[in-house]
Amino acid sequence: MSFAEASVPRRRAGASGEWFGADFLVLDAEGRTLRGLNATAARVWALCDGQRTARAVAEQVALEFSTDVGPVLADTLRFLTELQRRGLVDEVRAPAGAAPVEVR
Numbered sequence: 001m002s003f004a005e006a007s008v009p010r011r012r013a014g015a016s017g018e019w020f021g022a023d024f025l026v027l028d029a030e031g032r033t034l035r036g037l038n039a040t041a042a043r044v045w046a047l048c049d050g051q052r053t054a055r056a057v058a059e060q061v062a063l064e065f066s067t068d069v070g071p072v073l074a075d076t077l078r079f080l081t082e083l084q085r086r087g088l089v090d091e092v093r094a095p096a097g098a099a100p101v102e103v104r
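All residue numbers for the sequence shown refer to our numbering, where the first residue is 1 and numbers rise by one.
Right, here's the structure in full:
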């Protein structure tokens, strides 16, 4: 399954991420490590809170890194799909009637 703009990503329970020196490390619930996330990927990870759509995540990242949302969205969708394949994020449904999270 791949993520779409309207998908709502959420970090899977037990998965965690943290900066360790210059590397951002993500651990799954079993302690396996995904290494080498850059600052942009680490920010996408941090924004996967189950409240924002993939598009809102990409818009926030594009704003923070002062770049166009189009390429960021494409990269975000591919990255989320890979995180899901590795068991690190799930796609959740937005609560009925929930307002989308605004980009700040």
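Quick reminder that beta carbons are idealized off the backbone N, C-alpha and C, glycines included.
Practice problem: Output the distance between the C-alpha atoms of P9 and A22, rounded to the nearest integer angstrom. | Solution: Straight-line Cα distance between these residues: approximately 25 Å.
Exercise. Drop a sphere of 10 angstroms on the beta-carbon of G2, count the other beta-carbons inside from all chains shown, and report buried for 16 or more, exposed for fewer.
Key: Checking the sequence shown, residue 2 turns out to be Ser, not Gly. With fewer than 16 other Cβ atoms from the protein chains shown falling within 10 Å of its own Cβ, S2 counts as exposed.
Self-check item: Candidates E30, A29 and T40: closest to F79 by CA position
Solution: Looking at E30, A29 and T40, the one whose alpha-carbon comes closest to that of F79 is T40.
Self-check item: C-alpha gap between A74 and T33, whole angstroms
Solution: If you take the alpha carbons of A74 and T33, they lie about 24 Å apart.
Exercise. Taking E91 and S7 to be in contact with their CB atoms under 8 Å, please state how far apart those CB atoms are, rounded to whole angstroms.
Key: Contact between E91 and S7 holds: their C-beta atoms lie close to 5 Å from each other, under 8 Å.
Self-check item: For V61 and Q51, the rounded distance between their alpha carbons
Solution: Each residue's Cα considered, the two are about 15 Å apart.
Quiz item: If we count the other Cβ atoms within 10 Å of its Cβ and call it buried at 16 or more, is W19 buried or exposed?
Solution: Per the 10 Å Cβ criterion, exposed.
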